[in-house]
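Line order of the protein sequences matches chains A and B. Position 362 of the first sequence, counted from 1, bears residue number 362 in my numbering, the numbering being contiguous throughout. Position 433 of the second sequence, counted from 1, bears residue number 433 in my numbering, the numbering being contiguous throughout. Don't be surprised by glycine CBs; every beta carbon is placed ideally from N, CA and C.
Number of protein chains: 2
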Amino acid sequence: MRLSTSAVFCLLGLLPCDRVIDAAPPPKANVIVIFADDLGYGDLGCYGSPTIRTPHLDRMAAEGLRFTDFYSASEVCTPSRAALLTGRYPIRSGMCGNRRVLFPSSKGGLPPEEITIAEALRDQGYATAHVGKWHLGIHEGSRPLDQGFQHSFGLPYSNDMDARSDLPRGATGSPNPPQDGWNVPLIRDGKIVEQPADQTTLTKRYTKEAVQFIRQQKDGSFFLYFAHTFPHVPMFASPAFKGKSRAGIYGDAVEELDWSVGQVLDALRTEGIADRTLVVFTSDNGPWLIMGDQGGSAGLLRDGKGSTWEGGMRVPGIAWMPGRIKPSVTSQRAGTLDLLPSALAIAGAPLPDKVPLDGVDLAPLLFAAQPLVERPYFYYRGDQIFACRLGEWKAHFKTQTGYGQPQAETHDPPLLFHLGRDASEKRNVAAAHADVLAEIQQAVKLHQSTIVPGVPQLQ
Amino acid sequence: MRLSTSAVFCLLGLLPCDRVIDAAPPPKANVIVIFADDLGYGDLGCYGSPTIRTPHLDRMAAEGLRFTDFYSASEVCTPSRAALLTGRYPIRSGMCGNRRVLFPSSKGGLPPEEITIAEALRDQGYATAHVGKWHLGIHEGSRPLDQGFQHSFGLPYSNDMDARSDLPRGATGSPNPPQDGWNVPLIRDGKIVEQPADQTTLTKRYTKEAVQFIRQQKDGSFFLYFAHTFPHVPMFASPAFKGKSRAGIYGDAVEELDWSVGQVLDALRTEGIADRTLVVFTSDNGPWLIMGDQGGSAGLLRDGKGSTWEGGMRVPGIAWMPGRIKPSVTSQRAGTLDLLPSALAIAGAPLPDKVPLDGVDLAPLLFAAQPLVERPYFYYRGDQIFACRLGEWKAHFKTQTGYGQPQAETHDPPLLFHLGRDASEKRNVAAAHADVLAEIQQAVKLHQSTIVPGVPQLQ
């Protein structure tokens, strides 16, 4: 039996049932998305890291639903974030292109007409906050307060941007002073409050902000988009974490991020709202492998950030709502594109009208362990489809390593891998499966027929 | 405060304390070693496999101590097994050499004068049993019953040996009949009971035998060495598991192995002896990467079986004894060489006299979370030291891929990797750490001065 989302929610008490008429309706469930930056598939204990200790995320996974096949919607930062907040492949919003991400000099940004999770939930009476990195535009119409967030505290873009060449760059993590050369501003509700931001205490200050917001909004419904700055380079950790991990400064930064997740979940427990708050933890793309000791690991997956091999786009994904989500591991394929439909379903909000969406509502999987409908997944690099997954099969039409391979290689016939038997994409079996390739090519064609590219924003 | 092992055991009730004089001494703790064949570091859920489901091993890990840095004592089968049972690098017993492993035509085997865990515990009144693969010799003096085991049921060597060329080999897992061409005998207490062994039901029959032994011996003390045949090629799974995993026949075999572990632990729980039975699960070496869909994964570690890169020798390692071992994850470096000293300490048995041992007693770590003494670890390939680990540092003097690279490459100066910051051994930092290299070379020299090579057995 397949239950409708609203029926599931009604049974679970997440949505008011009609027969509950003699009491004020309970507040709708809260939604928190915790988004790491450049964290790899293999960088958490519960995903097999031998060197980085992440007890809080491991506990979150043990208490919640851990996805083995969770995808970001892009292999780099800006498009991935646009997709998460809109539930749409970045090609639709114009938030992708040859320049890969937004830079401080870019004129574009997330178009005002795009509907974000924050806008949709705000319209349902949710309090909304953005904490952390933005990277979806610094001009009017694209900024956090323009895109549905009532509160915003964080960096406008990546922490390696806006560096001042007149300042000595210094070694990352150099204590004297630690932010040498880096000049990214820290912004609260549109106003710069510190420049350069002291990156050694960013995770701590973000966390304080997030916990404060949770405490203030505990009696109502809220949406918190908590997009960490780390473990993106340059890597910093506060004194309590610096030099403490086995894995160097990268490990220190991830262990502090893990601590931060623990603080957020503890606040929910303490306030007694854990069982009506969906928390999703994930990453914007795979690890930045060229960064040496400051880059993470995709575990057994091939390649990393910037590539459409699995390591570039398959990321940790954990959903938590104790008492509502049963502790489990799932191999159902899901991703950040699904967060908007899921959040809106939880809030009882209507889906945006006449806007093509690319995700599905995960609620039946999260709350009733029902399998998701089979659907293809498209690996975009910029505005091009490089690969497509259908079931366990993945076809690559083009490949290019994360950073370093100057040009993409085109494959005709495409490469074909079975991600179940060959998670590391080592054995091309295209020759034996022409039927699968044909099916995938058909799916790509169908998808492309629905695409009206947005005005390119990453110029 | 560092407690002696006997003091720890006394406190824990694992050994009789002198003042307990008015009652029969409780039976000494049992020891079970479950040994997988060619299982890779990345092949279990709790070590990050996205495709193989291992709920029983995951539970064992969650209830016990999971090692991130657990090593087999060789990169291939026979030497690894000799080292586990004797607590000595294979060079000392002669159980290594250019031929890598024993073959059915080999004249050698584990020398009778070697002292195995089974012999030492039998002398303490333990019942002893071997179930599964042996691969330490088929001639008098080397067989299970000659080496301290009172019961033995299993294969004399690998399941791909002894193939009969007059039989069609057939595809592995071919149902008609499944063992086409493979001709390995199944032996009980020295007598062939089936040839060819029906490999589709081996794991099931091994498990039945192991559980039966546990039930029979539940009131005394026992040592069970349960050395699985799988996931060594050719891969088989029983009908209940075949075709059930995401990861093809390899995943099916590992999932059946996981089921088997669950059966053993359940028997201990049911018989009420879980809290006085130490169970250690590990693998003889890394995954056989050249086997395609029938090979496993070393996760983020480099290379696999046959090589002294981490993927060849670092393996899953889980220790379980509910109520005695606290649930935790440890990055302390340990390995199969430590099992003999640990088992003997648990049994209150004296260490073999005048025999150089290469392991340490893990009891202080297992039962009291005390760190182990820092000591170097030597990666042998055959009778040569290819690499050495000291703390987080690993130096390679020679490297050779698992199977395929025809000759070893010599490195002078050696390659140097930091396994904390670079678990995948990607970034050679030898140039910046001459002092570390010198210290490692000193450790190798000291170790070599203690080595009296045994008479070569693998001719």
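Leaving out five residues before and five after V211 (chain A) in sequence, what residues of the same chain have Cβ atoms less than 8 Å from its Cβ? Along the first sequence, read from residue 1 onward, the residue named residue 211 (chain A) stands at position 211. Excluding residues within five positions, the ones whose Cβ falls inside 8 Å are Q263, V264 and A267.
If distances are taken between C-alpha atoms only, which option among B:A253, B:V193 and B:F223 comes closest to A237 (chain B)? Taking the first residue of the second sequence as 1, we reach residue 237 (chain B) at position 237. It is B:A253.
Contact set for G148 (chain A): own chain, Cβ-Cβ below 7 Å, skip 5 residues either direction: Here residue 148 (chain A) refers to the residue found at position 148 when the first sequence is read from its first residue. For G148 (chain A), where only same-chain residues beyond five positions count, the Cβ hits under 7 Å are T116, A118, E119, R122 and T128.
Mapping the DSSP letters down to three states, classify V452 (chain A) as helix, strand or coil. Walking along the first sequence from the start, residue 452 (chain A) turns up at place 452. In the structure shown, V452 (chain A) sits in coil (DSSP, three-state: anything other than H, G, I, E or B).
Under a CB-based cut-off of 7 Å, is H447 (chain A) close to chain B? One-based indexing of the first sequence puts residue 447 (chain A) at position 447. Chain B, which has no Cβ nearer than 7 Å to the Cβ of H447 (chain A), makes this no.
What's the call for R164 (chain A), buried or exposed, on a 16-neighbour Cβ count within 10 Å? Counting from 1 along the first sequence, the entry for residue 164 (chain A) is found at position 164. R164 (chain A) should be labelled exposed.
Please report the residue range of the beta strand (DSSP E) in which V33 (chain A) lies. Counting from one through the first sequence, the residue named residue 33 (chain A) turns up at place 33. Residues N30 to A36.
Residue closest to R215 (chain B), alpha-carbon to alpha-carbon, out of B:S106, B:Y157 and B:R269: Against the second sequence, residue 215 (chain B) aligns to sequence position 215. Cα-wise, what sits closest to R215 (chain B) is B:R269.
Is the segment 191-207 of chain A close to the segment 98-116 of chain A, with three or more CB pairs under 8 Å? no
Uninterrupted beta strand (DSSP E) stretches inside the segment 377-458 of chain B (no shorter than 3 residues): 377-381, 384-390, 393-399 and 409-418
Check whether G40 (chain A) and P234 (chain A) have beta carbons under 7 Å apart: One-based indexing of the first sequence puts residue 40 (chain A) at position 40. One-based indexing of the first sequence puts residue 234 (chain A) at position 234. No.
What do you reckon, is the C-beta of L357 (chain A) under 6 Å from a heavy atom of the ligand MN? You won't find the ligand MN in this model; it holds no ligand whatsoever.
Is DSSP giving Y47 (chain B) helix, strand or coil here? Counted from its first residue, the second sequence places residue 47 (chain B) at position 47. Looking at Y47 (chain B) - three-state DSSP - the assignment turns out to be helix.
Could you tell me if T450 (chain B) is buried or exposed, where buried requires 16 or more neighbouring beta carbons within 10 angstroms of its beta carbon? Mapped onto the second sequence, residue 450 (chain B) falls at position 450. The residue in question, T450 (chain B), is exposed, as its Cβ has fewer than 16 Cβ neighbours within 10 Å.
Could you work out which residues of chain A lie near Y71 (chain B), taking near to mean beta carbons separated by less than 8 Å? Here residue 71 (chain B) corresponds to residue number 71 of the second sequence, with the count starting at 1. None at all; the shortest Cβ gap to chain A is about 12 Å.
Locate the beta strand (DSSP E) running through R188 (chain B), then write down its first and last residues. As a first step, residue 188 (chain B) must be located in the second sequence, where it is residue number 188. Per DSSP, R188 (chain B) belongs to the beta strand (DSSP E) from L186 to R188.
Roughly how many whole angstroms lie between the Cα atoms of F397 (chain A) and L145 (chain A)? Along the first sequence, one-based indexing puts residue 397 (chain A) at 397. Along the first sequence, one-based indexing puts residue 145 (chain A) at 145. Cα to Cα, the separation comes out at about 39 Å.
Suppose the cutoff is 6 Å on Cβ atoms and the five residues either side in sequence are ignored; what does the same chain contact list for F417 (chain B) look like? Translated into positions along the second sequence, residue 417 (chain B) becomes position 417. Closer than 6 Å at the Cβ level, and outside the excluded window around F417 (chain B), lie K394 and E425.
Measuring only the C-alpha atoms, how far is T201 (chain A) from H447 (chain B)? Residue numbering aside, residue 201 (chain A) sits at position 201 when the first sequence is read from its first letter. Residue numbering aside, residue 447 (chain B) sits at position 447 when the second sequence is read from its first letter. Near 46 Å, if we compare the C-alpha coordinates of H447 (chain B) and T201 (chain A).
For T277 (chain B), the residue or residues it bridges with in DSSP: Here residue 277 (chain B) corresponds to residue number 277 of the second sequence, with the count starting at 1. Beta-bridge pairing links T277 (chain B) to B:N30.
Is it the case that the Cβ atoms of F378 (chain A) and T308 (chain A) are separated by a distance below 7 Å? One-based indexing of the first sequence puts residue 378 (chain A) at position 378. One-based indexing of the first sequence puts residue 308 (chain A) at position 308. Contact: no.
Report the CB separation of R314 (chain A) from Y71 (chain A) in whole angstroms; it is logged as a contact under 8 Å. Within the first sequence, residue 314 (chain A) is the residue found at index 314, counting from 1. Within the first sequence, residue 71 (chain A) is the residue found at index 71, counting from 1. Contact flag correct, Cβ pair sits at about 6 Å.
Whole angstroms is fine: what's the gap from K218 (chain B)'s alpha carbon to I318 (chain B)'s? Taking the first residue of the second sequence as 1, we reach residue 218 (chain B) at position 218. Taking the first residue of the second sequence as 1, we reach residue 318 (chain B) at position 318. About 22 Å.
Against chain B, with Cβ distances strictly below 7 Å, would T68 (chain A) count as a contact? Locating residue 68 (chain A) in the first sequence gives position 68, where the first residue counts as 1. It does; some Cβ of chain B falls within 7 Å.
Please work out which residues of its chain come closer than 7 Å, Cβ to Cβ, to E374 (chain A), disregarding the five sequence neighbours upstream and downstream, and give them in chain order. Translated into positions along the first sequence, residue 374 (chain A) becomes position 374. So the list reads G391, once near-sequence residues are dropped.
Exposed unless 16 or more other CB atoms sit within 10 angstroms - verdict on H139 (chain A): Locating residue 139 (chain A) in the first sequence gives position 139, where the first residue counts as 1. Exposed is the call here.
What are the residues that DSSP puts in a beta bridge with D361 (chain B)? For the purposes of this step, residue 361 (chain B) is taken as the residue at position 361 of the second sequence. Note: D361 (chain B) sits in no beta bridge, so no partner.
If we ignore side chains and look at the alpha-carbon of each, how far apart do G312 (chain A) and L155 (chain A) end up? Taking the first residue of the first sequence as 1, we reach residue 312 (chain A) at position 312. Taking the first residue of the first sequence as 1, we reach residue 155 (chain A) at position 155. Taking the straight line joining both Cα atoms gives about 24 Å.
Please decide whether G173 (chain A) counts as near chain B, where near means a Cβ-Cβ distance under 7 Å. For the purposes of this step, residue 173 (chain A) is identified with residue 173 of the first sequence, where counting begins at 1. Confidence at G173 (chain A) is low in this model, with a pLDDT of 43, below 50, so its placement is unreliable and the value that follows should be read with caution. With 7 Å as the cut-off, G173 (chain A) does not count as an interface residue toward chain B.
For the putative contact between H232 (chain A) and T203 (chain A), defined by C-beta atoms under 8 Å, what is the C-beta separation to the nearest angstrom? Sequence index remark: in the first sequence, residue 232 (chain A) carries index 232 (1-based). Sequence index remark: in the first sequence, residue 203 (chain A) carries index 203 (1-based). Not quite, the Cβ-Cβ distance comes to about 12 Å (not below 8 Å), so this is no contact.
Under the assumption that L84 (chain B) contacts F35 (chain B) (Cβ atoms under 8 Å), give the Cβ distance between them as a whole number of angstroms. Indexing the second sequence from 1 puts residue 84 (chain B) at position 84. Indexing the second sequence from 1 puts residue 35 (chain B) at position 35. That belief holds up - the Cβ atoms of L84 (chain B) and F35 (chain B) are roughly 7 Å apart, short of 8 Å.
For I273 (chain A), which residues of its own chain have a beta-carbon under 7 Å away from its beta-carbon, when the five flanking residues on both sides are left out? As a working mapping, residue 273 (chain A) is identified with position 273 in the first sequence. Cβ neighbours of I273 (chain A) beyond the five flanking positions: N30 and K218.
Whose C-beta lies closer than 7 Å to the C-beta of D22 (chain A) among residues of the same chain, with five residues either side of it excluded? For the purposes of this step, residue 22 (chain A) is taken as the residue at position 22 of the first sequence. A caution first: D22 (chain A) carries a pLDDT of 46, below 50, which makes its placement in the model unreliable, though a value can still be read off. For D22 (chain A), where only same-chain residues beyond five positions count, there are no Cβ hits under 7 Å.
List the residues of chain B whose Cβ lies closer than 7 Å to the Cβ of T336 (chain A), in chain order. Locating residue 336 (chain A) in the first sequence gives position 336, counting from the first residue. The contacting residues do not exist; T336 (chain A) stays about 18 Å from chain B at best.
Do the segment 292-306 of chain A and the segment 343-352 of chain A meet, that is, are 3 or more Cβ pairs less than 8 Å apart? no
Could you check which residue in B:L340, B:G402 and B:A431 has the C-alpha nearest to that of L415 (chain B)? In the second sequence, residue 415 (chain B) corresponds to position 415, counting from 1. Taking only the C-alpha atoms, the option nearest L415 (chain B) is B:A431.
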